[in-house]
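Sequence order for the protein chains is X and H.
Numbering that gives the first Met the number 0 puts the first residue of the first sequence at 0, with every later residue one more than the last.
Numbering that gives the first Met the number 0 puts the first residue of the second sequence at 0, with every later residue one more than the last.
Where is the CB? At the ideal position from N, CA and C, for every residue including glycine.
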Amino acid sequence: MKPIQFFLLAFALLALVKVVQKYRARAIQTMQFLAWVLICLGATFVAVFPDTTNFFAAMLGIWRGADLLLYASLVIISYLIFRIHLTLDRVQQEITEIVRVLALDQLEAGGSAAVGTRGGKET
Amino acid sequence: MSAQAERPGSHIAVVIPAYNEERTIAGVIRGLKAIGYSRILVVDDGSKDRTSELAREAGALVIRHVVNRGLGGALGTGLKAALLFTPEIILTFDADGQHDPDEIAHIIEPIEKGEADVVIGSRLSDPKGMPWSRRVANQVADLVTLLLFGLWVSDTQSGLRAFSRSAAARIRIMTSGMETSSEIIAEIGRNKLRLKEVPIKAIYTEYSLSKGQSFKLGLYTLTKLILAKIRRSKQ
Chain X
0 MKPIQFFLLA FALLALVKVV QKYRARAIQT MQFLAWVLIC LGATFVAVFP DTTNFFAAML
60 GIWRGADLLL YASLVIISYL IFRIHLTLDR VQQEITEIVR VLALDQLEAG GSAAVGTRGG
120 KET
Chain H
0 MSAQAERPGS HIAVVIPAYN EERTIAGVIR GLKAIGYSRI LVVDDGSKDR TSELAREAGA
60 LVIRHVVNRG LGGALGTGLK AALLFTPEII LTFDADGQHD PDEIAHIIEP IEKGEADVVI
120 GSRLSDPKGM PWSRRVANQV ADLVTLLLFG LWVSDTQSGL RAFSRSAAAR IRIMTSGMET
180 SSEIIAEIGR NKLRLKEVPI KAIYTEYSLS KGQSFKLGLY TLTKLILAKI RRSKQ
């Protein structure tokens, strides 16, 4: 086994242990757990039998399995970053909503006197 | 004589979003009050200076964001708060002193005559005094707005706007930053509101220029606009 295989295997197994721990602590849902387990097992398999990736690479017209993994990683990482952007955007919007409610509460607290009675003309 | 005729500004609520504007805010409020606009609502967007205090002293109603949310956050809060006072017209006005209060009369006229639901004061009809870099940036913003939301407006980024009460109630602001200016245009299109542009002069000072968008912020705004477009199309 080459050193890189050893590192990949250790990393995949460590990730698997973490995923199981998270699931036991109910920090992730069953579907997420299964998805991560599949990813970890896939990484373990590739670490032990790296040549199998050549088969899939050849199917897509890429010479080396390692290249296929690299391309696939880039696509997946880009997608994840996009998802994080969307989530962040939603969280930002939610923070704005909270801040807005707090600000509008100041009007309820009696600030309306400064610009006249509500719904009526100037005081 | 009606109360409205005695006090020309009493049926109008002026919303001023402000972030760290202690140098100009009091002067802007006094300028508005001097010509009869007394219903002034300042949304202090989490300023770290004396913006709130000075605005209150100058006679405005001030509500404050506990943390800074950006132009859109403050505008959204301002429109919502102003609607509580049921004014006929809600006007948005920049805090940096770049607008001439005397031009408000032209801005609100199409709404008062029932010819428009929303009026935007366009600085690009007569862009004298606007630095060329700013002019290009504004035109890029207009083009992006057209591509994303399908509506051509000559000055999408203008801070001087007027809304009829019903138009303000229908406009839904979901973004928080500078991209809100374009989102408002999208909302005008979505709600099929009648839009009119009225030429205004912008007073550019070193101070007001330092407050505008930089190129980097422009790119960030563009990203946020694309995300807003994606989110809107999902709904």
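Return the residue from the list the options that minimises the CA-CA distance to residue i.
| i | options | result |
| --- | --- | --- |
| D104/X | W131/H, G45/H, L53/H and I62/H | I62/H |
| K200/H | Y206/H, I107/H, L142/H and E102/H | E102/H |
| I28/H | E52/H, T155/H, R189/H and A94/H | A94/H |
| K215/H | L194/H, K228/H, M177/H and R231/H | M177/H |
| R254/H | R89/X, E96/X and A108/X | Since the displayed chain H opens at 0 and closes at 234, residue 254/H lies outside it and no answer follows. |
| A11/X | E107/X, T43/X, L73/X and Q28/X | T43/X |
| R133/H | G149/H, S232/H, T155/H and W151/H | T155/H |
| G149/H | A161/H, S46/H, V65/H and S181/H | S181/H |
| L159/H | H64/H, S9/H, H98/H and K47/H | H98/H |
| L60/H | I184/H, V66/H, N67/H and K32/H | K32/H |
| P49/X | T95/X, L8/X and L15/X | L8/X |
| S153/H | L147/H, S163/H, G96/H and I184/H | I184/H |
| S232/H | I187/H, L147/H, L78/H and V66/H | L147/H |
| G77/H | K191/H, A12/H and I187/H | A12/H |
| D116/H | G72/H, R68/H and I187/H | I187/H |
| A161/H | W151/H, K191/H and K195/H | K195/H |
| G30/H | P100/H, S163/H and I225/H | P100/H |
| H10/H | K191/H, S163/H and T204/H | S163/H |
So, under 8 Å CB-CB, residue i and residue j are touching, yes? Tell me the CB distance rounded to an integer number of Å.
| i | j | result |
| --- | --- | --- |
| T174/H | K223/H | 6 Å |
| R55/H | E21/H | Rounded, the Cβ-Cβ distance is 12 Å, inconsistent with contact. |
| V197/H | V118/H | 6 Å |
| S51/H | D44/H | Their Cβ separation, rounded to whole angstroms, is 10 Å, which puts S51/H and D44/H out of contact at 8 Å. |
| L83/H | P16/H | Contact flag wrong, Cβ pair sits at about 17 Å. |
| V14/H | I89/H | 6 Å |
| Y206/H | T23/H | 7 Å |
| G217/H | S157/H | Between S157/H and G217/H the Cβ distance is about 16 Å, and since that is not below 8 Å, they are no contact. |
When the Cα atoms are used, what is the spatial distance from residue i to residue j?
| i | j | result |
| --- | --- | --- |
| A25/H | A167/H | 26 Å |
| M0/X | V47/X | 8 Å |
| G58/H | W35/X | 59 Å |
| I123/X | I107/H | This structure does not reach residue 123/X, given that chain X is present from 0 up to 122, and the question cannot be answered. |
| Q92/X | G64/X | 42 Å |
| I170/H | K112/H | 21 Å |
| S165/H | I97/X | 24 Å |
| P130/H | N137/H | 11 Å |
| R193/H | P86/H | 19 Å |
| A104/H | I34/H | 10 Å |
| V139/H | A227/H | 17 Å |
| A57/X | G41/X | 18 Å |
| R122/H | D141/H | 12 Å |
| N53/X | L67/X | 8 Å |
| V100/X | E107/X | 11 Å |
| R23/X | L33/X | 13 Å |
| Q3/H | A102/X | Because the pLDDT at Q3/H is just 43, under 50, the model does not fix this residue reliably, and the point stays unresolved. |
| I202/H | I61/X | 60 Å |
| Y18/H | L40/H | 14 Å |
| A113/X | A81/H | Since pLDDT at A113/X reaches only 44, below the 50 mark, its modelled position is unreliable, and the value read off the structure follows with that caveat. If I take the Cα positions, the gap works out to 13 Å. |
| K47/H | Y78/X | 37 Å |
| T220/H | F5/X | 45 Å |
| T179/H | I172/H | 7 Å |
| L37/X | R189/H | 44 Å |
| L15/X | L69/X | 21 Å |
| M0/H | S37/H | Caution is warranted here: a pLDDT of 39 is assigned to M0/H, below 50, making its placement in the model unreliable, and the coordinate value is therefore given only provisionally. Straight-line Cα distance between these residues: approximately 19 Å. |
| H84/X | V66/H | 21 Å |
| K21/X | H64/H | 37 Å |
| R68/H | T95/X | 6 Å |
| K17/X | V45/X | 19 Å |
| G96/H | L53/H | 15 Å |
| I225/H | A71/X | 25 Å |
Going by the DSSP bridge assignment, what does residue i pair with across the sheet?
| i | result |
| --- | --- |
| V61/H | V41/H |
| V117/H | F162/H and L194/H |
| P16/H | V42/H |
| T91/H | V14/H and R160/H |
Looking at the C-beta of residue i, does it have a partner C-beta in chain C at a distance below 9 Å?
| i | result |
| --- | --- |
| S175/H | Of the chains in the structure shown, none is chain C; the protein chains are X and H. |
Quick one: which unbroken beta strand (DSSP E) runs of 3-plus residues sit fully inside the segment 123 to 171 of chain H? Chain order, please.
-> 160 to 163
Minimum length 3: unbroken beta strand (DSSP E) runs contained in the segment 7 to 75 of chain X | Listed in chain order, there is nothing to give.
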